[in-house]
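Participant:
Number of protein chains: 2
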Amino acid sequence: MPRVLKGPVEVLGAGLLGTSIALALRKAGIEVWLSDINSEHVRTATSLGAGIPRPHHQRPQLVVVAVPPAHLAASIVEALDDGAYVTDVGSVKAGPLEEVADQVEDRALARYVGGHPMAGNERSGPLAASAALFEGRPWAITQHVHAEPIAVELVEELVDICGALPVRMTPVEHDHAVARTSHLPHVLSVLAAGQLTDAEPAHLVLSGQGVRDVTRVAAGDPELYGQILFANAPVVAEVLVEVRDQLDRAIEALTATNGEGNEVLEEILMRGNTGRGSLLGKHGSPAIESGSLFVVVPDGPGELARLLRDAGEIGVNIEDLHIEHDPARPVGLVELTIATAAIGRLGDALSERGWTTHR
Amino acid sequence: MPRVLKGPVEVLGAGLLGTSIALALRKAGIEVWLSDINSEHVRTATSLGAGIPRPHHQRPQLVVVAVPPAHLAASIVEALDDGAYVTDVGSVKAGPLEEVADQVEDRALARYVGGHPMAGNERSGPLAASAALFEGRPWAITQHVHAEPIAVELVEELVDICGALPVRMTPVEHDHAVARTSHLPHVLSVLAAGQLTDAEPAHLVLSGQGVRDVTRVAAGDPELYGQILFANAPVVAEVLVEVRDQLDRAIEALTATNGEGNEVLEEILMRGNTGRGSLLGKHGSPAIESGSLFVVVPDGPGELARLLRDAGEIGVNIEDLHIEHDPARPVGLVELTIATAAIGRLGDALSERGWTTHR
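Below you can see the structure in the form of structure tokens.
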């Protein structure tokens, strides 16, 4: 089927996301024009083969707006005024759409369909970009009721070219979804990490894998995350108030003297169990029962590879893997997540090959 | 140097921790007696080679108390009354010590030195036990001022036999440390996970690695964690109140209409950055600069092994590894954490071997 998306595509904002999209488009043979308030970014992205600087007085078929949240709406409006079809990769959808709708006519608004790829991380800038960044990642497509069918089709093809998985929802649904799946976890990770600044450095040696997992995303850029949280402020605040109620209940339970706190606290902990369970199961299929096998691995090039080569030869598929580093010795403990039914077999076979394992 | 710890050692509570300690002691040739309120546990642990059921009318040299937090103090008192040296593996130290001190004479208390190995996880029961469970893990030794030197020595040798790393601190220091490095992250993980129960199932498809990391420990046993949190209730409540203050500030910042919220929120996010940074660096050494390389890996036995064999041949040491599963396709994205200086070299060499990578 011939594509509707023929290009040229203008990528506005040659950071990590914009340059990665540009590289994927170039790989598909589509002409890409790059623009950025920072001309250094355009030069870098161009040198990576992500496209050419936007020529003056020409109009692209599609503009992909990939600028920080604070500048999103203004950039979308400008691109619509130029007469192109427009999408964006902003992490919040309802507020910017409203701002845009206030500033352009419905006829122009019809050429805009929002998007949000679930990719990117603590790194930034065009040097970190890759055509494979979106490979297999969900990409929300948040069309509004006035969108032209062709505008939707262009974004769907863009998602397809990037190798991502389209997920359709309304802008408001999207913002409620990411408030719980992204913004709230980020804030709580930050609060957990923040309390470590008050801990005696000598006490941090007791830190295990748990606190490392909980605080990982707290490493994200404060300025960028500040903008993201503000862009979804009403929804995030609502969810944070719900969490504060639960936190109040937990504090009350822990300070209760009548012995009734136990039940409340356990209910809160159970609720966490349930919520966590709703995340499990990969490939969108029902969760298969899996468990852990721990293996002691010396810390040197090739050791982890040797373990996984052995596991591969034994014929067991690794669902997940975590390396827990010994804080003081050159040895790591590797947690392999595998189908429960295969744990015994893998453990025995690895032991036979000389590995120290435990379940 | 001849050991002071000659046995027999009674392990009271043949669950995951108790049975693992018993197995490590047996491996070191020390006689182990097992007891548990659940005779099934003793049978299982015995069949694993962890020791023999405790003989009547004989006294062990050392009793290791490995029972749930709610029964800890009573079990320690009983063991001290029998005249043995006593340690425990409870996750909270000051409260139980106080309870014990209230019930025994100072002369008896001198034979008790508390301990807390940083191991164990969501699993439980003797079947999950292993002599290698504590290999390389920190193990807090929390002696009180009245402890006999020989009581301390016995616990130090136990830690050594288990292959763990002794970390000395007072019981009160310990409880403040774990409140921040373990109990608080657990509660916040549970609160983040709990909010997912209110999310539309269709929205959860937008869940990325971030929320998975933040909520992982929320899978822990609610009853056990309830007991742990209650055992450290005053300290945990204090830290939770501090977090509630920060949460209030975040909510206020997000709902501020005077534009002053931005600065407050960014300060909170910065504080999270700083706290997270204090956790980094493995082997207790200063953090070396490391970064990520992403590789697309088909989901089948041996594929991950092939990747790591290639990485091993290229000669790059993998610091950490995360598998991010595609929610809808049989493909995984693997994030390799390696020294920043080696990222370019590994990426190029893997690409040459046919892998799809990005930074």
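These protein sequence lines map, in sequence, to chains H and F.
Counted the way the working numbering counts, the first sequence spans residues 823 to 1181.
Counted the way the working numbering counts, the second sequence spans residues 823 to 1181.
The beta-carbon is built from N, C-alpha and C at its ideal position, and this holds for glycine as well.
According to DSSP, simplified to helix, strand and coil, what is THR909 of chain F?
Facilitator: Three-state result, THR909 of chain F: strand.
Participant: What residue from F:LYS828, F:GLU1157, F:ASP1132, F:GLU1064 has the CA that sits closest to ALA973 of chain F's CA?
Facilitator: The shortest C-alpha separation from ALA973 of chain F is found at F:LYS828.
Participant: Mind checking which residues open and close the alpha helix (DSSP H) that includes SER842 of chain F?
Facilitator: That run of the alpha helix (DSSP H) goes 838-849.
Participant: Against chain F, with Cβ distances strictly below 8 Å, would GLU1082 of chain H count as a contact?
Facilitator: GLU1082 of chain H does not count as touching chain F.
Participant: Is the distance from the Cβ of ALA941 of chain H to the Cβ of LEU870 of chain H below 8 Å?
Facilitator: No.
Participant: Taking only beta-carbon positions, decide if PRO1149 of chain F is within less than 8 Å of chain H.
Facilitator: A caution first: PRO1149 of chain F carries a pLDDT of 47, below 50, which makes its placement in the model too unreliable to give a value.
Participant: Put GLU1022 of chain F into one of helix, strand or coil per three-state DSSP.
Facilitator: Correct three-state label for GLU1022 of chain F: coil.
Participant: Between SER857 of chain H and GLU832 of chain H, is the Cβ-Cβ spacing less than 8 Å?
Facilitator: Yes.
Participant: Using the three-state DSSP reduction, which class does ARG1151 of chain F fall into: helix, strand or coil?
Facilitator: With a pLDDT of 48 at ARG1151 of chain F, under the threshold of 50, the predicted position of this residue should be treated as unreliable, and no value is reported.
Participant: Three or more beta-carbon pairs under 8 Å between the segment 952-959 of chain F and the segment 836-848 of chain F, yes or no?
Facilitator: These segments touch.
Participant: With distance defined between alpha-carbon atoms, name the residue in H:ALA1075, H:VAL1061, H:LEU1076 nearest to LEU1069 of chain F.
Facilitator: Of the listed residues, the one whose Cα sits closest to LEU1069 of chain F is H:VAL1061.
Participant: In whole angstroms, what separates the C-alpha of ALA872 of chain H from that of ASP910 of chain H?
Facilitator: Answer to the nearest angstrom: the Cα atoms are 18 Å apart.
Participant: Determine the extent of the beta strand (DSSP E) in which HIS938 of chain F is found, giving its start and end residues.
Facilitator: HIS938 of chain F -> beta strand (DSSP E) spans 936-939.
Participant: Helix, strand or coil, according to DSSP, for HIS1180 of chain F in the structure here?
Facilitator: Of the three classes helix, strand and coil, the one that applies to HIS1180 of chain F here is strand, per DSSP.
Participant: For the alpha helix (DSSP H) containing ILE1136 of chain H, name the first residue and the last one.
Facilitator: Here the alpha helix (DSSP H) through ILE1136 of chain H covers 1125-1136.
Participant: With a CB to CB cut of under 7 Å and the five nearest residues on each side skipped, what residues in its chain are close to LEU1168 of chain F?
Facilitator: So the qualifying residues of the chain are LEU1115, ALA1133, ILE1136, VAL1138, ILE1160.
Participant: Does the Cβ of HIS879 of chain H have 16 or more other Cβ atoms within 10 Å, making it buried, or fewer, making it exposed?
Facilitator: Label assigned to HIS879 of chain H: exposed.
Participant: How many angstroms separate the CA atom of GLN1017 of chain F from the CA atom of ALA1041 of chain F?
Facilitator: So the alpha carbons of these two residues sit roughly 14 Å apart.
Participant: Quick one, which residues of the segment 1022-1038 of chain H are near chain F if we go by CB-CB under 9 Å, in chain order?
Facilitator: Listed by position, the residues of the segment 1022-1038 of chain H near chain F (Cβ gap below 9 Å) are GLU1022, PRO1023, ALA1024, HIS1025, LEU1026, VAL1027, LEU1028, SER1029, GLY1030, GLN1031, GLY1032, VAL1033, ARG1034, ASP1035, VAL1036, THR1037, ARG1038.
Participant: Measure the C-alpha to C-alpha separation of HIS863 of chain F and HIS893 of chain F and round it to an integer number of angstroms.
Facilitator: Using only the alpha carbons, I get a separation of about 17 Å.
Participant: In chain H, what lies closer than 9 Å to ARG933 of chain F by C-beta?
Facilitator: Result: empty, since nearest Cβ-Cβ is about 25 Å, beyond 9 Å.
Participant: Is the CB of GLY871 of chain H under 8 Å away from at least one CB in chain F?
Facilitator: No, because no Cβ of chain F sits closer than 8 Å to the Cβ of GLY871 of chain H.
Participant: Compile a chain-ordered list of the residues in the segment 1089-1101 of chain F whose CB is closer than 8 Å to at least one CB of chain H.
Facilitator: If the cut-off is 8 Å between Cβ atoms, the segment 1089-1101 of chain F has ILE1090, LEU1091, MET1092, ARG1093, GLY1094, ASN1095, THR1096, GLY1097, ARG1098, GLY1099, SER1100, LEU1101 near chain H.
Participant: So, helix, strand or coil for ILE1073 of chain F, using DSSP?
Facilitator: The answer is helix: DSSP assigns ILE1073 of chain F an H, G or I state.
Participant: May I ask you to list, following chain order, the residues of the segment 1154-1181 of chain H that have a beta carbon less than 9 Å from some beta carbon of chain F?
Facilitator: Answer set for the segment 1154-1181 of chain H: GLY1154, LEU1155, VAL1156, GLU1157, THR1159, THR1178, THR1179, HIS1180, ARG1181.
Participant: Short of 8 Å in beta carbon distance, which residues of its chain neighbour GLN1049 of chain F, apart from the five on each side in sequence? Order them along the chain.
Facilitator: Cβ neighbours of GLN1049 of chain F beyond the five flanking positions: PRO890, PRO891, ALA892.
Participant: Pull up the DSSP beta-bridge partners for VAL1036 of chain F, would you.
Facilitator: According to DSSP, VAL1036 of chain F bridges with nothing at all.
Participant: Does GLY835 of chain F come within less than 8 Å of chain H when only Cβ atoms are used?
Facilitator: Not closer than 8 Å to any Cβ of chain H, the Cβ of GLY835 of chain F fails to qualify, so no.
Participant: Evaluate ARG881 of chain F with the Cβ neighbour count: other Cβ atoms within 10 Å of its Cβ, from every protein chain shown; 16 or more gives buried, anything less gives exposed.
Facilitator: So ARG881 of chain F counts as exposed.
Participant: Indicate the three-state DSSP secondary structure (helix, strand or coil) for GLY1016 of chain H in the structure shown.
Facilitator: Three-state result, GLY1016 of chain H: helix.
Participant: I'd like the list of long-range same chain contacts for HIS998 of chain H, defined as Cβ closer than 8 Å, with 5 residues on each side in sequence excluded.
Facilitator: Cβ neighbours of HIS998 of chain H beyond the five flanking positions: VAL1057.
Participant: Under 7 Å Cβ to Cβ from VAL1012 of chain F, same chain only, skipping five residues before and after it: list those, please.
Facilitator: Closer than 7 Å at the Cβ level, and outside the excluded window around VAL1012 of chain F, lie ALA1040.
Participant: Going straight from the alpha carbon of CYS984 of chain F to that of PRO1044 of chain H, what length do you get?
Facilitator: Cα to Cα, the separation comes out at about 42 Å.
Participant: Could you tell me which uninterrupted beta strand (DSSP E) segments, each at least 3 residues in length, are contained entirely in the segment 969-997 of chain F, listed from first to last along the chain?
Facilitator: Within the segment 969-997 of chain F, the complete beta strand (DSSP E) runs of at least 3 residues are 987-990.
Participant: Whose CA, out of F:HIS996, F:GLU900, F:ALA901, lies closest to the CA of GLY917 of chain F?
Facilitator: Considering only alpha carbons, the answer is F:HIS996.
Participant: What residues from the segment 992-1018 of chain F come within 8 Å of chain H, judged by C-beta to C-beta, listed N to C?
Facilitator: Listed by position along the chain: GLU995, HIS996, HIS998, ALA999, VAL1000, ARG1002, THR1003, SER1004, LEU1006, PRO1007, HIS1008, VAL1009, LEU1010, SER1011, VAL1012, LEU1013, ALA1014, ALA1015, GLY1016, GLN1017, LEU1018.
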